[in-house]
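Shown next, in structure tokens, is the structure this report addresses.
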Amino acid sequence: MPTDTQIKLDLEEHLLENGLRLIMNRSNSSPIISFQVWYHVGSIDEKAGITGISHLFEHMMFKGSENIGPEEHSRIVHQHGGTDNAFTSKDCTAYFENLPSSQLELAARLEADRMTNLRLTANTLTSEREVVKEERRLRIDNSLFGRLNEELYATAFVEHPYRWPVIGWMSDLETLCLDDCKSFYRTYYSPNNATILVIGDIDCKRTISIIEKNFSSLQPATIFEEAISPEPQQVEERQREIAVDAQFPWYAVAYHIPDAAHEDIQVLELLGNILTVGRSSRLYQKIICKEKAALSIFSSVDKNRDPGIFSITVGNIRPGHTPESIDTIIAEFLDILKVGVVTEQELEKARNKIETGLVFGLQTNFVRGLRIGLCLERTGEPLGFMKDLDRYHRVSAEDVQRVAKRYFTAENRTVVRLLPKG
Amino acid sequence: MIPIDFKKSTLDNGLRIIVVEHHEYPVVAVDLLVRAGSVDDPQGNDGLSSIVAQLLREGTREKDSFEIADAIDFIGGTLSVDGDYDSTSITASALAKNFTFILKMVSEVARSPAFQPRDTEFQRDKSIATILREKDNKISIGNRNFNQMLYGMHPYGHPPIGTVSGLKSIKRGTILAFHKDHFLPNKSILTVVGDINTANVLATIEEVFGEWRREDREEILLPPIDTIDGHRIRIVDKPDLTQTDIHIGHIGIKRTDPDYFPIVLLNYVLGRGPTSRLYTKLRAERGLTYGVTSTFDTRNLRGPFFIRTFSKNKSAIEALQLVLDELEKIPLKGITQAELDSAKSFYVGHFPLSIETPPQIASKIIEQEFYGLPEDSITNYLEHINAVSLEEVNRAAKRVIDPRNLVVVLVSKAEDILDEAKVLGGVELREP
Chain A
692 MPTDTQIKLD
702 LEEHLLENGL
712 RLIMNRSNSS
722 PIISFQVWYH
732 VGSIDEKAGI
742 TGISHLFEHM
752 MFKGSENIGP
762 EEHSRIVHQH
772 GGTDNAFTSK
782 DCTAYFENLP
792 SSQLELAARL
802 EADRMTNLRL
812 TANTLTSERE
822 VVKEERRLRI
832 DNSLFGRLNE
842 ELYATAFVEH
852 PYRWPVIGWM
862 SDLETLCLDD
872 CKSFYRTYYS
882 PNNATILVIG
892 DIDCKRTISI
902 IEKNFSSLQP
912 ATIFEEAISP
922 EPQQVEERQR
932 EIAVDAQFPW
942 YAVAYHIPDA
952 AHEDIQVLEL
962 LGNILTVGRS
972 SRLYQKIICK
982 EKAALSIFSS
992 VDKNRDPGIF
1002 SITVGNIRPG
1012 HTPESIDTII
1022 AEFLDILKVG
1032 VVTEQELEKA
1042 RNKIETGLVF
1052 GLQTNFVRGL
1062 RIGLCLERTG
1072 EPLGFMKDLD
1082 RYHRVSAEDV
1092 QRVAKRYFTA
1102 ENRTVVRLLP
1112 KG
Chain B
417 MIPIDFKKST
427 LDNGLRIIVV
437 EHHEYPVVAV
447 DLLVRAGSVD
457 DPQGNDGLSS
467 IVAQLLREGT
477 REKDSFEIAD
487 AIDFIGGTLS
497 VDGDYDSTSI
507 TASALAKNFT
517 FILKMVSEVA
527 RSPAFQPRDT
537 EFQRDKSIAT
547 ILREKDNKIS
557 IGNRNFNQML
567 YGMHPYGHPP
577 IGTVSGLKSI
587 KRGTILAFHK
597 DHFLPNKSIL
607 TVVGDINTAN
617 VLATIEEVFG
627 EWRREDREEI
637 LLPPIDTIDG
647 HRIRIVDKPD
657 LTQTDIHIGH
667 IGIKRTDPDY
677 FPIVLLNYVL
687 GRGPTSRLYT
697 KLRAERGLTY
707 GVTSTFDTRN
717 LRGPFFIRTF
727 SKNKSAIEAL
737 QLVLDELEKI
747 PLKGITQAEL
757 DSAKSFYVGH
767 FPLSIETPPQ
777 IASKIIEQEF
787 YGLPEDSITN
797 YLEHINAVSL
807 EEVNRAAKRV
817 IDPRNLVVVL
827 VSKAEDILDE
837 AKVLGGVELR
847 EP
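Going down the list, the protein sequences come from chains A and B. Residue 1113 is where the first sequence ends in our numbering, and the numbering goes up by one at each step. Residue 848 is where the second sequence ends in our numbering, and the numbering goes up by one at each step.
As structure tokens, this is what we get:
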């Protein structure tokens, strides 16, 4: 890596006696912080019948505690100039407050409170269940991409919890009950299942003392490591079609890949980048520019606790082209990667794109925290993304060929199409 | 006073320059904002400014589309164009060591696009397909219908991308003329932010943009913006929808409205974030929606004021009625001192978070420069917010919120909501 782009990111860590982990990253350029609490629980920890509980529960965390009224958490944060929110993913759930650094203690107090004192009532569950159903209707049921993506995972996975969407099946959202929520809270919301990140304008010593003061009295819970059904190896190609009300067809193809810590992940990221990122990428040039076959294309590499998928999605396939013709083009381009070699110039371009994207993202406390938290949750290494930079530089053209041969096989492939009705 | 360190300068050709130094990360961004947008689309050529913007990076006198994309991708940079209502922006970002490269690239695409017939056809075709695709997205359908009902023939009545018929009628000559008339140094603001040295940057800008010739053009006269009379309700029928998209609103204010700050605070109380009246009524108390926001889209001319939300078809009209009830209260009863204090306290505390990154700082300075706002708009931001009185807010509320004269667009499965909607007034039914 050229020395003038070298960036440094220093972390300080502190472990509380109750198992709560604190990670700090100091940057004093502006008097603001991002305060984040990451719980090691996501849809991966759910069971059939209660899918979506991690996310529904995330909503319940805003509905008040023994000391704070419903929605008051957000109201207090906003009143002090901050913003707050949360998100749930397959592997983890995170809550954050971005606020002036003078309000560090406020954030700590509020988060400590809802880590143990949450008030779960039938009334709040009733209204929040409806909110989550509206969110599902918005993001999935009435969204073409939402439906395509949901079907892709539901087809590529048959055993592992990654087969259901983070937001859960509608039928489960209808039946989740207060006892499910209470038991979920007891099981997963405890100091020893959480990591606090404080990023920005802080003094580390003072931060440690504030966290100790607010969190040290919380009791750790017994965490049961429940076995998660591994996904059996796929042995033949899977195909699905969904009829939709739409102007144009959509297409997605997926291949199973290893978990986030595996060294092939960086090769897949570079490869996906060479294929679809930037207007000069191979498939963008072919499908969008030369063939004018569709309006959008993108690829994605899952970086998850457990093995995920590499996918390519083509949106809005234009008249004169079909999902089948798109399929032929993509298959051909993947085959080229198996027999030929990518040029050093293409690899360099892909590395530069990834590296610059990373540096730009680091400019905000919130995104720095996000990077750290995600890496921690997926691989146990908070600075994994910095180490990945070295990995990208070690990837050779031969690695790309090897990885293409290994994963892009017919039996490892899943294809989903959205076809306009009529 | 908030110390924001930046340097302003103007070249002899009228090009205004803003430079913000920021050394935490080795990155730089260049933005050229040209005062030409879809508001300048001639009648019948809806989408002209947008297609001109999109074509800038499709080829110049020296490079074709692929060469431009490849050069930018190779350094890991970005080059994007955005055709908006009042302006067009060309933005490039990269590691700071590539500053001169991206500056020259921005200059080249802005000043010497080739507008090759082949590229023009490609872009026209793509824009038309993009408009057809809108029919698969209830938000886009809602947006397009709402603005069309609100602004009619005025250029704000169509989104910058234009209309299918407008795009079809655009000739290459019109494109060349639009570029010649609008892409001028004296109509542009160039901003550089990041890990750079101001003096060096100014010298490089002089070198790269100094030769750009100024020309003075007459301003185009626009049709007046009509007001809405009564409630105009439109249902756009998309039978596969299980959730209704709801747009409600009327014409709002200009960015230069003297009551800008009172209106920002008023709007926060009405429909910004998880403490607002609308959020509380619709989501927190009733679970009718996942999101509801109100927006004053402030532009050069009076942009729209609108509330957007969505709810399952069965409860859509109930949600709409609750929004109407809340709107009704605003000019009648105003907001309370406690609400105003809470809104002020949010904006005052939040200000440092809104200027965390160099691009965020730059966007505030650009806004001040573009709309010709007073020089202290940013540096005295906190004073402006703190000075707003309850009386000012409530007076502004009476002036700018008009619950009796509104446009309502519902994108839904019509048969699910039609009968209920009719109770609110005459309903016009449309296809997407």
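Glycine included, each C-beta is placed from N, C-alpha and C at the ideal position.
Under DSSP, Tyr730/A forms a beta bridge with Thr784/A and Ala885/A. For the pair Leu1038/A and Phe1099/A, the CB atoms are not nearer than the 7 angstroms cut-off. Membership of Gly589/B in the alpha helix (DSSP H) is indicated by the continuous run Arg588 to His598. Secondary structure at Arg633/B: coil, using DSSP grouped into helix, strand and coil.
With a beta-carbon spacing of about 5 angstroms, Ile577/B and Ser466/B fall inside the 8 angstroms limit used to define contacts.
When DSSP states are grouped into helix, strand and coil, Met715/A belongs to the strand group. The way I'd put it, the region 764-781 of chain A doesn't touch the region 817-834 of chain A; fewer than three beta-carbon pairs between them come closer than 8 angstroms. For the options Glu734/B, Ile433/B, Ala452/B and Arg815/B, the alpha carbon positioned closest to that of Arg715/B is the one of Ala452/B. The C-alpha of Tyr567/B lies about 49 angstroms from the C-alpha of Asn758/A.
Annotated three-state conformation of Ala937/A is coil, per DSSP. Collapsing the DSSP output to three states places Glu954/A in coil. Using a Cβ distance threshold of 7 angstroms, Val944/A and Val1106/A count as a contacting pair.
When only Cα atoms are considered, Thr742/A and Pro640/B end up about 54 angstroms apart. Here Thr643/B is exposed, its C-beta having fewer than 16 other C-beta atoms within 10 Å. Around Ala700/B, the same chain offers Pro690 as residues with beta carbons nearer than 8 angstroms, after the five sequence neighbours per side are excluded.
Assigned with DSSP and collapsed to three states, Asp541/B falls in helix. Around the beta carbon of His439/B, a 10 Å sphere encloses fewer than 16 other beta carbons of the protein chains shown; the residue is thus reported as exposed. Using a Cβ-Cβ cut-off of 7 angstroms, Val444/B does not count as an interface residue toward chain A, since no Cβ of chain A sits closer than that to its own. Counting along the chain, Lys873/A sits inside the alpha helix (DSSP H) bounded by residues Leu869 to Tyr879.
With contact defined as three or more Cβ pairs closer than 8 angstroms, the region 796-810 of chain A and the region 880-888 of chain A are in contact. The beta carbons of Gln1054/A and Thr494/B sit no closer together than 7 angstroms. At the C-beta level, Leu606/B and Leu431/B come within 7 angstroms of one another. Taking a 10 Å sphere around the C-beta of Met715/A, we find 16 or more other C-beta atoms and assign the residue as buried. Of the residues assessed, Glu844/B falls on the exposed side of the cut-off, its CB having fewer than 16 other CB atoms within 10 angstroms. Put simply, of Phe848/A, Glu916/A and Pro856/A the residue whose alpha carbon is nearest the alpha carbon of Arg838/A is Pro856/A. For a cut-off of 8 angstroms, the C-beta gap from Leu449/B to Ser581/B is around 29 angstroms, too long to register as a contact. For Phe939/A, the chain B residues whose Cβ falls inside 9 angstroms of its Cβ are Ala545, Leu548, Arg549 and Asp552, in order along the chain. Counted as a single uninterrupted DSSP element, the alpha helix (DSSP H) harbouring Leu1038/A occupies residues Glu1035 to Gly1052. With contacts defined by Cβ atoms closer than 7 angstroms, Val926/A and Glu1046/A do not form a contacting pair.
Shown here, Asn758/A sits in coil according to DSSP, grouped into three states, outside any helix or strand. Where Gln659/B is concerned, the enclosing beta strand (DSSP E) starts and stops at Gln659 to Ile667.
Under the DSSP assignment, Leu449/B falls in the beta strand (DSSP E) whose first and last residues are Val443 to Val450.
Rounded to whole angstroms, Thr546/B and Ile817/B show a C-alpha spacing of 34 angstroms. Taken through DSSP and simplified to helix, strand or coil, His570/B comes out as coil. One alpha carbon belongs to Leu835/A, the other to Asp661/B, and they sit about 16 angstroms apart.
Counting C-beta atoms within 10 angstroms of its own C-beta, Glu1068/A has 16 or more neighbours from the protein chains shown and is therefore classed as buried.
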